[in-house]
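In what follows, a single structure is set out as structure tokens and then discussed.
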Amino acid sequence: ASIASTDMGLLLQDDVFVDFFNTFLSLPVFGQTPLYISGMGRWFLWPELPSHLDPSPAALLSWLEKHRLPHFCKSSLCLHLVLCQRLLGFIRSGEAAELLNWQSADLWLLERCISGSQGMQHFLTFVQGTAGEELIDFWLITERLLGVDESGGSQRELFLSLVHRLQATHLREGSSVLTLCTTIVGSLPKAKHIQSISTRREVLSKMQAQALFMIQSYWLPKFFVHCKTGMEEEESCQPLLQEYQERLLQACWQEPPGFSEPLPTMHIKRSQGVSGPYCSQKAKAGIWALVKEGRDTQEQKMATFWVKPEKQPGPAGSTEELCLDKDALGSVPQQSEHPANTAFRGRGGVTFPGRPQSSAEQDLENLWKEKILSDLPSSASLARLPSLKKPVKTLDFLPWALSAEVCAGRPFRDFLQHQNRPMETHLLDLWHDLEEFLPVVLDSNRENNFFLRHLIGEKICKTYLEESSFEKLPLETSTLVSLWNHLICGEFSPSIFSAQKEICKVLCGLYEEFLADDDRRFLQIMAPEMDVLMPKMLGRGAGREEHFHLSQRINQSLKLSQALHGTRSLEEVSSKHWQLLAARDLQKGGSIQAEMEQLL
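For the sequence shown, position 234 matches number 214 in the working numbering, and the numbering has no gaps at all.
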């Protein structure tokens, strides 16, 4: 709420906010996809506006406040931004130095390690599989829950869903959260029967504060030691460690007061040419065609996709198994190697080691291939990029966009509601609930897996698959019956992919309307004098090189967002994390730019 009520110009003065916001703005669900480089004060628009226009930064900020910031504030990226700010506040407050006997150089280095969406991803990777992971998940869910007005009918369902999730995971007897907060809530039965709204919120708020203090005072120091150890072994981090050592020698080193560089004047990069109408749908198709051709080229070189039957110890960053998901564009989770999720490994294909594939398994592999497209290999030179021969339709990249939509605060859902499309909104909710179910049911190593898959499976059945609902959903009866039979038991079903594919066919035309509406709102604010000419308004088309770079930026944004949202498994700590840390500069593109530089 405090972010939503803050002036956009003030928000953009915070480099940590800019990093998370850039990650959000680059998600492929939107039409206009801008990027802000705070060190230059420069905005890069995509698609670009006609070269004869001189777009106003003030107009752009107004558009962002009205049509992007509200969705950002409902996204999981915003929740992670708030947590990141709380951790940074602890580091900067002096409380950390007093409590943990840290010097200013230690605080400076830890701040570098944890800042931005990439820094938070690294922190979550470090704590996964520990009580720290449970504490962070509890803090995030509670932060979302406490921001919901449960007295209002429109948000009551969301509130109850979050409460049920807490009860099924972190409010169970024996959980790390309850063990930590026993003195606050007493025994579990009493906590379950709290009826007063104010009392319930007060108890949850105190538990959340206790969890945050444990994260700050215990898990942050462990993360700091982990970072220093990892950086010492990575050559690219040596300049960073050298600066750290220099700061250590100056025990009372502080930023010199009054010498901070003035903020650069905010401006928008001008377009260099004009070709074709301003249309984000066509611009997306251009990128998608390039990526699709790259995927097809890779598939010719990769006959099978092997997954190890069990997770085996090995060197950090080991790539024994060949999987398409490493750079999968639009892949939802990238799961650990385990029998329960061999079908799910990066959505790149399904191979069951040690025996031939059945026809059903082959069908499942084909469904995976249709659902996601691979990123171009990072080593590809532009001279060898495929030619864009085949036209790409919206339906080809709709699953990619919908996978991003849930990470972006559900803007397409809001559009459907404003268009009074209850059935289509219901279908979109089903698509996302199935998407949420997949990483839980296919990763038995996930925290609280058993409870969550039954909770989500039963919720899907009761909300969408009761017999009385069959007539209301324009899906194949056999698909709905198969979903019910498996999900009611908390089991995986290949019909999940069939259902999502059928839903995409229904929503395709409406998504095109959503993109057109997003374009219209953007042009109304950025070029109001040309409002009447919007259908014919020209924008510059991107070339092959720009398409390639844009696809990489959007891909990295989606992978980061999915990892933080929980629909993509976190990668194990490897040399890549330290290289990204060394390359990350929040004033020069931050997390997204660091990922792209490593790729390119």
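Where is the CB? At the ideal position from N, CA and C, for every residue including glycine.
These figures come from a predicted structure and were not determined experimentally.
Taking the alpha carbon of residue i as the point to measure from, which residue in the options has its own alpha carbon closest?
| i | options | result |
| --- | --- | --- |
| L396 | V271, L561, C488 | C488 |
| A479 | F494, L490, S462 | S462 |
| L200 | S260, R92, L432 | R92 |
| H434 | Y444, F417, L445 | F417 |
| L29 | L63, A148, L460, Q504 | Q504 |
| W411 | N400, I440, V421 | I440 |
| W380 | E75, P257, V420, C484 | C484 |
| E123 | L375, A111, F139, C207 | F139 |
| S541 | A562, Q147, L382, D376 | L382 |
| F106 | S251, R72, H206, A562 | H206 |
| D499 | S216, P244, E223, R48 | R48 |
| L243 | F494, S(-15), D(-6) | D(-6) |
| V420 | R145, R393, V372, Q225 | R145 |
| D394 | F70, L490, N465 | L490 |
| I71 | E446, L221, Y198 | Y198 |
Determine whether the beta carbon atoms of residue i and residue j lie at a separation below 9 Å.
| i | j | result |
| --- | --- | --- |
| F502 | W43 | yes |
| E214 | Q567 | no |
| L41 | A507 | no |
| I572 | T3 | yes |
| V157 | L115 | yes |
| F0 | L79 | no |
| D492 | Q196 | The sequence given here places Glu at residue 492; Asp does not occur at that position. Against a cut-off of 9 Å, the Cβ pair of Q196 and E492 comes out as no contact. |
| G549 | D413 | Looking at the sequence itself, residue 549 is Ser, so the reference to Gly does not match. No. Outside cutoff. |
| D8 | A496 | Per the sequence shown, residue 8 should be read as Pro rather than Asp. Their beta carbons are not under 9 Å apart, which means P8 does not touch A496 by this criterion. |
| F528 | G470 | no |
| T149 | F118 | yes |
| C259 | P35 | no |
| A76 | L87 | yes |
| G210 | H557 | yes |
| E438 | L467 | yes |
| V62 | I(-17) | yes |
| E415 | T547 | yes |
Counting only the same chain and skipping the five closest in sequence on each side, list residues whose C-beta sits under 7 Å from that of residue i.
| i | result |
| --- | --- |
| F103 | I94, F203 |
| I174 | Residue placement at I174 is poorly supported in this model, since its pLDDT is 45, which falls under 50; the coordinates still yield a value, given next. R180, V183. |
| R22 | H247, K249 |
| S55 | F4, C387, A388, G389 |
| L228 | Q83, A85 |
| S6 | T13, L15, R533, I534, S537, I572 |
| A39 | I505, M506 |
| G154 | none |
| R564 | G96, Q98, G570, S571, A574 |
| E45 | M(-12) |
| R66 | L192 |
| M194 | L115, L160 |
Which same chain residues, not among the five before or five after residue i, have their C-beta less than 8 Å away from its C-beta?
| i | result |
| --- | --- |
| V486 | E404, L407, P454 |
| P37 | W23, M246, H247, I248 |
| A(-19) | C53, G127 |
Excluding the 5 residues preceding and the 5 following residue i in the sequence, name in chain order all residues of the same chain whose CB lies nearer than 6 Å to its CB.
| i | result |
| --- | --- |
| P391 | H51 |
| L(-9) | F(-3) |
| M100 | H60, C64 |
| G19 | Q567, K568 |
| A263 | P27 |
| F265 | A small fix is needed here, since residue 265 is Ala in this sequence, not Phe. These residues qualify, in order along the chain: V372. |
Quick check: the segment 534 to 544 against the segment 187 to 196, are there 3 or more CB pairs under 8 Å?
no
Please list the segments of the alpha helix (DSSP H) lying wholly inside the segment 389 to 421, counting only runs of 4 or more residues, in order along the chain.
391 to 398, 402 to 421
May I have a chain-ordered list of the alpha helix (DSSP H) segments no shorter than 4 residues that lie completely inside the segment 7 to 54?
37 to 47, 49 to 52
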